[in-house]
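Undergrad: The working numbering applies: residue 497 is where the sequence shown begins, and numbers increase by one.
The following block contains the structure, expressed as structure tokens.
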Amino acid sequence: MPAHAVIAPADITGLLLAGGRGSRMGGIDKGLQPFNGEPLALHAMRRLAPQVGALMLNANRNLAEYEALGVTVWPDSLADYQGPLAGFLAGLEHCTTPWLLTVPCDTPLFPPDLAARLAEAAIAGQADIAVAAAPEATEDGFALRPQPVFCLLRAELRDSLLRYTAAGGRKVHAWISQHRAVHVPFDRPGDAPDAFSNANTLAELHALENR
């Protein structure tokens, strides 16, 4: 890959992942929960849209409500809520750009330069996948922890993911490890420490409001 190569936003399709069961929220549809007065997924859409050329959403219920937000919606092609990789696969099956960027719907404060930094690292590392890594508190201070659902990947990996899931594979990190991947730290001065804070419960969702 030429050193001067870049990945333009127009070459990236953004995929918002809203296809989970919401089990830790009592089974409610997480992406449609109010966040500062509007659906949680809408906040993530607005944050992602300026970073990419096209936008779509993965959901497995309430499809009309998500479509009403102004985005194309694709359900999993795998049955029975198979996890984030099923969402990845749905996105790759409908992606018409060279790259796909996946973002979960429950992390509304993710970095506004997420796509640009993942793309830069993918080019620099001649990688097929770039994964965000965020600082997390430990007993000794902070450590960078991969955030595998914040993932920029080549659209041509669809067949690889199809084979992996067809064989019963469901672990995001295990599939990513089969490819040339780079981890991209989001720990620069000025990076928001809570950018990757996600809401697994309603209490966590309310805690994220008005930050």
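Just so it is clear, CB atoms sit at the ideal spot from N, CA and C, and this is done for glycine as well.
Bear in mind the structure is a predicted one, so any value in this text is a computation, not a measurement.
Please report the residue range of the alpha helix (DSSP H) in which ARG542 lies.
TA: Per DSSP, ARG542 belongs to the alpha helix (DSSP H) from 536 to 544.
Undergrad: Measuring straight from C-alpha to C-alpha, what distance separates ARG666 and LEU581?
TA: The alpha-carbon atoms of ARG666 and LEU581 are separated by roughly 6 angstroms.
Undergrad: Excluding the five sequence neighbours on either side, which residues of its own chain have a C-beta within less than 8 angstroms of the C-beta of HIS539, listed in chain order?
TA: For HIS539, where only same-chain residues beyond five positions count, the Cβ hits under 8 angstroms are PHE531, ASN532 and PRO604.
Undergrad: Do PHE682 and ALA630 have their C-beta atoms closer together than 8 angstroms?
TA: Cβ atoms of PHE682 and ALA630: closer than 8 angstroms.
Undergrad: Let's test the definition: count the other Cβ atoms within 10 Å of the Cβ of ALA699 and tell me whether it reaches 16, buried, or not, exposed.
TA: Label assigned to ALA699: exposed.
Undergrad: Compare the beta carbon distance of GLY621 and VAL678 with 8 angstroms and say whether it is the shorter of the two.
TA: Cβ atoms of GLY621 and VAL678: closer than 8 angstroms.
Undergrad: For the region 634 to 643 against the region 556 to 576, are there 3 or more C-beta pairs whose distance is under 8 angstroms?
TA: No, the region 634 to 643 is not in contact with the region 556 to 576.
Undergrad: Can the beta-carbon of GLY527 be found less than 8 angstroms from the beta-carbon of PRO535?
TA: Yes, Cβ-Cβ distance for GLY527 and PRO535 is below 8 angstroms.
Undergrad: What three-state label does DSSP hand GLY510 in the structure shown?
TA: Reduced to three states, the DSSP call for GLY510 is strand.
Undergrad: Where are the alpha helix (DSSP H) runs, 4 residues long or more, that stay fully inside the region 575 to 601, in chain order?
TA: Fully enclosed alpha helix (DSSP H) runs of 4 or longer: 580 to 590.
Undergrad: DSSP on THR661, reduced to helix/strand/coil?
TA: THR661: helix per DSSP, three-state reduction.
Undergrad: Going by beta carbon distance, what residues of the same chain come within less than 8 angstroms of LEU559, once the five residues before and after it are set aside?
TA: Hits under 8 angstroms: VAL569 and PRO571.
Undergrad: DSSP three-state label for ALA688, please.
TA: ALA688 falls in the coil class under three-state DSSP.
Undergrad: Enumerate in chain order the residues of its own chain whose CB-to-CB distance from PRO608 is below 8 angstroms, with the five nearest sequence positions on each side excluded.
TA: Cβ within range, chain order: ARG543, PRO546 and GLN547.
Undergrad: For PRO689, is the classification buried or exposed, using 16 other Cβ atoms within 10 angstroms of its Cβ as the cut-off for buried?
TA: Exposed.
Undergrad: Indicate the three-state DSSP secondary structure (helix, strand or coil) for ILE503 in the structure shown.
TA: Here ILE503 sits in coil by DSSP.
Undergrad: Leaving aside the five residues before and after ALA499 along the sequence, list all residues of the same chain whose C-beta is less than 8 angstroms from its C-beta, in chain order.
TA: In this predicted model, ALA499 has a pLDDT of only 49, less than 50, meaning its place in the structure is not dependable enough to derive any value.
Undergrad: Which one of LEU704, ARG641 and SER573 has the shortest CA to CA distance from ARG654?
TA: Nearest of LEU704, ARG641 and SER573 to ARG654, Cα basis: SER573.
Undergrad: Measure from the alpha carbon of ASN696 to the alpha carbon of each residue in GLN529, LEU640 and ALA504, then state which is nearest.
TA: That would be GLN529, whose Cα lies nearest to the Cα of ASN696.
Undergrad: So what's GLU632 in DSSP terms, helix, strand or just coil?
TA: GLU632: strand per DSSP, three-state reduction.
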